Amino acid sequence: MKKSILLIMVVLSITACKKVTKEPVTVETDTKELEMAPEWASLFDGASLSGWHVYNNPEGVNPWTIEDGVLMFPGREAGSKPEFNLVTDNEYTDFILSIEWKISEGGNSGIMWGVIEDEKYGHPYDTGPEIQVLDNERHPDALANPKFHQAGALYDMVQPIYDVCKPAGEWNLCEIEINHQTNQGSVTLNGTEIVTFPLYGEAWDAMVAKSKFKDWKDFGKSKTGKICLQDHENKVSYRNIKIKTL
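In structure tokens:
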């Protein structure tokens, strides 16, 4: 009996040692998942208007031109009609838009998001908030205080904390981030973040209530919409347009 007990104890001791000293199990990790990241997608191929059309008039006359990889609106006579606002064929919700713009002397334009294309709206800005494109040195909108209309501003609502805009005729690199998941929007101009803002909720409603859009019932309400390059009568150029969905 004693021999049996001794034998069992020896076996248990050997088994325990094996468990302690065995090599750890290696778990293979799928590195493809770790390598996956949002990719930039081009919105302008530099050679055609593929992916873009005139707001509420996709089959109509389109005066926007392309030269040497640059998308340009040549301008039109002040007060003349119709307008030729350019919008994307596709709609976007959460994204970073990277775009270079160059404004003419004394010029004015804008970049909008959340634009709803419908015949009941006469303009993209009826629904889409705008990031200002402007000649800060010459256009009177830049001189008013507070500077809610200066280049890079969330038009009529949030002014830039820095003026880093380059002079008319020079290229500016603009990144616009719209993230409804974090309720955060921002504008980075020429490498400097100059504007941040909420996208919905009480803080957003308060900003709208103090702006010219306070009585526009559908303004800034849609989380998903088209991106627009504004025809504000003045000559303006865009290039290297790309987007990263979030």
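Just so we're aligned, residue 917 is where the sequence shown starts under this note's numbering, counting upward by one.
Ideal Cβ placement from N, Cα and C applies to all residues, glycine included.
All values reported here derive from a predicted model rather than from experimental measurement.
- Boundaries of the beta strand (DSSP E) harbouring A957: W956 to S958, taken from the DSSP string.
- Take F1113, set aside five residues on each side of it, and the residues of its chain with a beta-carbon closer than 6 Å to its own are L1070, V1074 and G1101, in chain order.
- The region 1128-1143 makes contact with the region 1038-1047; the number of CB pairs closer than 8 Å reaches 3 or more.
- Counting only the Cα atoms, R992 lies some 22 Å from I1143.
- If you ignore the 5 residues before and after P1062, its C-beta comes within less than 8 Å of the C-beta of Q1075, all in its own chain and listed in chain order.
- Under DSSP, E1149 takes part in no beta bridge, so it has no partner.
- Less than 7 Å divides the Cβ of I1094 from the Cβ of W1029.
- Restricting attention to Y1037, I1032 and L1002, the CA atom closest to the CA of V1152 is found in L1002.
- Every unbroken stretch of the alpha helix (DSSP H) spanning 4 or more residues and falling wholly within the region 1084-1162 is given here in chain order: 1118-1125.
- The Cβ atoms of R1054 and G1022 lie closer than 7 Å to each other.
- Contact between the region 974-988 and the region 958-966 is present: three or more C-beta pairs spanning the two stretches fall below 8 Å.
- Annotated as proximal: W1087 and K1018, with beta-carbon spacing under 7 Å.
- Nearest C-alpha to E1016 among N1024, E1007, T1098 and Y1154: Y1154.
- Counting only the Cα atoms, E1149 lies some 21 Å from A1060.
- Taking D1057 as the centre and dropping the five residues before and after it, the same chain places the C-beta of N1024, Q1048, L1050, H1065 and Q1066 closer than 8 Å to its C-beta, in chain order.
- The region 969-1016 is shown to contain whole beta strand (DSSP E) runs of 3 or more residues at 981-983, 986-989 and 1002-1004, in chain order.
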